Amino acid sequence: MENLNDKNVKLANLIFPEITKTVEDLEKIYPKRDLKEGAFVTRFAPSPTGFLHTGALFTSLINQRIAKQSDGIFYLRIEDTDKKREVDGSVGLLTSEMKIFGIYPDEGVISDTEEIGNYGPYTQSKREEIYKICAKSLIERGLAYPCFCTTEMLDVTRTSQEKNKIRPGYYSNYARCRNISIDESIAKIESGEKYIIRFRSRGSHLKKVVFVDAIRGKMEIAENDQDIVIIKSDGLPTYHFAHIVDDHFMKTTHVMRGEEWIPSTPIHIELFNSMNFEVPTYVHFPSVMIIDGESKRKLSKRKDKEAAVSFFLDAGYPVDSVLEYILTIVNSDYEPWRAKNPLADKLDFDIRLEKINSSGALFDQVKLNDISKEVIAKMNSKQVLDSVLEWSKKYDIELYDILNKDLEYSIQIFAMERDNATKIRKDIFKWEDIKSTFVYFFDSLFEKYLNKNGYIFEKDSKIVNDVLSEYISIYNENDDKDTWFSNMKLCASKLGFCTDMKEYKKNPENYIGSIADFSGIIRMAITGKKNTPDIYSIMKLLGKDRVINRLNNAK
RNA sequence: GGCCCAUUGGUCAAUCGGUUAAGACGUGGCCCUCUCAAGGCCAAGUGACGAGUUCGAUUCUCGUAUGGGUCACCA
1 MENLNDKNVK LANLIFPEIT KTVEDLEKIY PKRDLKEGAF VTRFAPSPTG
51 FLHTGALFTS LINQRIAKQS DGIFYLRIED TDKKREVDGS VGLLTSEMKI
101 FGIYPDEGVI SDTEEIGNYG PYTQSKREEI YKICAKSLIE RGLAYPCFCT
151 TEMLDVTRTS QEKNKIRPGY YSNYARCRNI SIDESIAKIE SGEKYIIRFR
201 SRGSHLKKVV FVDAIRGKME IAENDQDIVI IKSDGLPTYH FAHIVDDHFM
251 KTTHVMRGEE WIPSTPIHIE LFNSMNFEVP TYVHFPSVMI IDGESKRKLS
301 KRKDKEAAVS FFLDAGYPVD SVLEYILTIV NSDYEPWRAK NPLADKLDFD
351 IRLEKINSSG ALFDQVKLND ISKEVIAKMN SKQVLDSVLE WSKKYDIELY
401 DILNKDLEYS IQIFAMERDN ATKIRKDIFK WEDIKSTFVY FFDSLFEKYL
451 NKNGYIFEKD SKIVNDVLSE YISIYNENDD KDTWFSNMKL CASKLGFCTD
501 MKEYKKNPEN YIGSIADFSG IIRMAITGKK NTPDIYSIMK LLGKDRVINR
551 LNNAK
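Letter by letter, the first sequence follows residues 1 to 555 in the working numbering.
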């Protein structure tokens, strides 16, 4: 079948008269990369249809890390061959969101207007000539042909195949245009008939292709026998064709992509072989799943808010939290490593492909929260303040203004039970919770909060009033913590509260309440909340006037 | 439906034929304690099912079931 006869050449020239370069020319333009032995060349190749998907973050992170770990190259290619689906501005969005997560390509598209590197262009719509050179070579060798079938004709074929329970598609006898003589094709083209270019498959569905997936090991899948479209009517290639020519000429060593590509890998392998290109190593990642009622399914761009990485950014998860979470899913020995090296840079951890689990992991936001608590617990007050400031500037300007008004004060809020603390508080895992957690530190917010929620205790009850009045009379803002607490006990005991928790638990009926109840009233009066950090520290920060004020207001 | 991939507790998972089947999150309990968070200790909870290979199977093979993916001039 592979015969470079005059007729094929004539057909090829008729279809691509403007193409004069050859595959050999391309090989010279894109020479072998000068990299050390064993270096990986990887890529992330999204189509510009919107934001950065959480699964894509997963994919791009691994691609980047694997390349970096081997002193290789990681590049970003934009697969924009479907002009109908393209969304304006997505290249800019994609690259900027990747940047936020620290994923910088060494090569390729780096913003909506810039590309770097010697193996470009890295945007498929700019590579039309390259694909045509390759398609032309295929036609010359009888391995591709023009197809004149209309969409309607294809639809009819497919429906009848489905109806008769025959494997659908354009292959063997159903590949109507595959056996049209070259003379006839030429005549049709010359008469102006519309056509696209199809690959002439030589595979058999009865035979299997074998390839080794770096995660899954040996894979055996039926060979491709479909005469798939390689050049569409708009002159651009389909994914399959673009993939093999780009990854060949960009010298990709490892094609790492989602597992949804497994079924089409035989097509790719046949295509590589037909072009006499070396087949790269394939690595298929499991999909990130989400629970949907009873069952799990692939995280969906349309249905799931978690599918967009911006969801986590909006909520104020630190970038590191998301990254660390992904790393724990990618290699399950990341967590033990992290436990052993709490301060190490996460980039010091080497990802290993063969340790990636081949079944899809559920996206577990509770786990993310836990990891995020740890990440935030490692920050000092300055880092927290800076992060919150940065986040709120974009997402909560009211919070931003309040924090900014008195930075000295703001930093002390975050220093509480954090800087120099033996036990670091771990109740925050995303910045959007800051405001409601620390509402009582800001008079304007606190007032609004009280108006909405009121006090938790009964405002006019005798016991509350007694506690408050009694406490005001002994409160001294200069007390150290021990004095403060012993005074509190004194006061509580005078009113009939038990100051010993163990004793109280034994004989609760002997008291009107415990020291915990007593301090609880103070706490609620000052903060409007039942649960807060250490009330002594809060009072210290708030200062005498505000403390007295709040105690009085609560009466 | 055909084909492909997968299957260890609620979730993420370790084990490269022999273990009381790790660990983390979550859950429950206890301790600590001015509340909460944290921390410490403890507990409950797993090899989908059925065959085969083997002295021995979570591990290897084959079926079944279940879940997911894929079948375009979309990627």
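Think of the CB as a built atom: it goes at the ideal place given N, C-alpha and C, for glycine as much as any other residue. Source: prediction; values computed, not measured.
What is the C-beta distance between residue i and residue j, in whole angstroms, given that I count them as a contact (C-beta under 8 Å)?
| i | j | result |
| --- | --- | --- |
| S201 | E97 | So it is not a contact: roughly 38 Å between Cβ atoms. |
| I474 | L362 | At roughly 54 Å, the Cβ-Cβ gap does not stay under 8 Å, so I474 and L362 are not in contact. |
| P318 | S392 | Contact doesn't hold; Cβ gap of about 14 Å is too wide. |
| L551 | Y455 | Their Cβ separation, rounded to whole angstroms, is 12 Å, which puts L551 and Y455 out of contact at 8 Å. |
| I133 | K21 | 5 Å |
Which class does residue i belong to by DSSP, given the choice of helix, strand or coil?
| i | result |
| --- | --- |
| I196 | strand |
| T42 | strand |
| I78 | strand |
| L407 | helix |
| F16 | coil |
| K28 | helix |
| C177 | helix |
| L541 | helix |
| V283 | strand |
| A554 | coil |
| Y536 | helix |
| Y170 | coil |
| C134 | helix |
| L143 | coil |
| L35 | coil |
| Y368 | Correcting the residue identity first, residue 368 is Leu in this sequence and not Tyr. L368 falls in the helix class under three-state DSSP. |
| L362 | strand |
| D333 | coil |
| L11 | helix |
| K340 | helix |
| F148 | coil |
| E278 | coil |
| R352 | coil |
| T22 | coil |
| R202 | coil |
| K530 | coil |
| S392 | helix |
| D155 | helix |
| M524 | helix |
| N451 | helix |
| N549 | helix |
| D6 | helix |
| K126 | helix |
| K382 | helix |
| D320 | helix |
| V183 | It is Asp, not Val, that sits at residue 183 in the sequence shown. D183 falls in the helix class under three-state DSSP. |
Based on the DSSP output, what are the partners of residue i in its beta bridges?
| i | result |
| --- | --- |
| T238 | None; T238 has no bridge partner. |
| M219 | F211 |
| K298 | M289 |
| A308 | H53 |
Beta-carbon separation of residue i and residue j under 8 Å?
| i | j | result |
| --- | --- | --- |
| I526 | Y440 | yes |
| E115 | T123 | yes |
| T42 | A67 | yes |
| S359 | I215 | no |
| F40 | T253 | yes |
| T59 | F285 | yes |
| I244 | F277 | yes |
| E417 | I424 | yes |
| Y131 | C177 | no |
| N557 | R141 | Lying before the first or after the last residue shown, residue 557 is absent from the chain, which here runs from 1 to 555. |
| F101 | S310 | no |
| E18 | S47 | no |
| K36 | K251 | no |
| K382 | I356 | no |
| I186 | K10 | yes |
| I521 | L450 | no |
| R352 | N331 | yes |
| L14 | I231 | no |
| K83 | D234 | yes |
key: Continuous alpha helix (DSSP H) assignments of at least 4 residues falling wholly in the region 455-520   = Unbroken alpha helix (DSSP H) runs of no fewer than 4 residues, entirely contained in the region 455-520, are found at 462-474, 481-494, 501-506, following chain order.
query = What are the complete alpha helix (DSSP H) segments, minimum 4 residues, inside the region 399-444?
reply = List check, alpha helix (DSSP H) in window: 407-415, 434-437.
Secondary structure, alpha helix (DSSP H): runs of 4+ residues fully inside the region 225-275 = You should have 239-249, 265-274.
task = Pick out the complete beta strand (DSSP E) segments inside the region 43-123, 3 residues or longer, and give them in chain order.
result = The qualifying runs are 73-76, 107-109.
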